[in-house]
Amino acid sequence: MISKASIVGFFSKGKVIFATVAAMITFSITLYNQFKSVPTTEISGFVSSDKNSVVPVDAVVKIISPIQSQTETDSKGRFKFKLPNIQSDTFLLVVQNKKTNIETKQDEYVEAPGGKKDIYVLFNADQDTDKVYAPLGKSNSPEYAHRPAKIVHFINQLHLPKKRPH
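For the sequence shown, this note's numbering begins at 5 and goes up steadily by one.
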């Protein structure tokens, strides 16, 4: 049978103090984890149609690899991503001009603690055409974006006999 004396003996003064201290430590750790800030990395820059000064381009900017995120340029051609706790890495940016639907891709190395705040994406007819393409199903794009892929051009130059239907 459980008596009052056995219960009081079980909860001696030392055990109560130990349990109270353990509960306070657990509560403090839980509270700290709830409100601690997660380090963020900022990736930002400009999309411009002029390489010498910023001439804003109305565009959608996407990070495709190794994470995925999307934003739009503001009226001054600026874009900004604030990403939680990323590691240093090379990011693939895909920028789509909203008027022409032409897309360009650009690799950027970002160091996690400092991020990168000076990315400059040139988006005009003078840019490197190897980095420009038209998304599937988009027809209102300049001619250079509709060129065949290099492998298709190479295969066409081989002059292979065409397969005849039976």
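Note that beta-carbon positions come from the ideal geometry of N, C-alpha and C, so glycine has one too. As the structure is a computational prediction, the values presented were derived from the model and not from experiment.
Practice task
Can you check DSSP and say which residues form a bridge with K84?
Solution key: DSSP links K84 through a beta bridge to S48.
Exercise for the section: Name, in chain order, the residues that DSSP records as bridge partners for G18. Expected result: According to DSSP, which records beta bridges pairwise, G18 is partnered with nothing at all.
Handout entry: Separation of T75 from F39, as counted between CA atoms
Key = In a straight line, the C-alpha of F39 is about 27 Å away from that of T75.
Exercise for the section: Indicate the three-state DSSP secondary structure (helix, strand or coil) for S69 in the structure shown. Expected result: Three-state result, S69: strand.
Problem - Cutoff 8 Å: I159 Cβ touching any chain D Cβ - result: Among the chains of the structure shown, chain D does not appear; only one protein chain is present.
Practice task
Would you decide whether S52 is buried or exposed? Buried here means 16 or more other CB atoms lie within 10 Å of its CB.
Solution key: By the 10 Å Cβ count, S52 comes out buried.
Problem - Residues near F95 by beta carbon distance below 6 Å, same chain, minus five either side - result: Hits under 6 Å: I67, E112, V114.
Problem - Beta-carbon spacing of V65, K102 below 8 Å - result: V65 is not a Cβ neighbour of K102, given a cutoff of 8 Å.
Practice task
Note the first and the last residue of the continuous beta strand (DSSP E) segment covering N56.
Solution key: Segment: none, N56 is in no beta strand (DSSP E) and carries neither H nor E.
Handout entry: N- and C-terminal bounds of the beta strand (DSSP E) containing I123
Key = Segment 120-126, the beta strand (DSSP E) holding I123.
Exercise for the section: Note down the Cα distance separating N89 from N160, rounded to an integer number of angstroms. Expected result: The alpha-carbon of N89 is positioned some 47 Å away from that of N160.
Problem - Test item: CB-CB of F85 and S41 under 8 Å - result: Judged by beta-carbon spacing, S41 lies beyond the 8 Å limit of F85, meaning their Cβ atoms are not closer than that value.
Handout entry: In DSSP terms, what L96 is bridged to
Key = Looking at the DSSP assignment, L96 forms a beta bridge with S69, D111.
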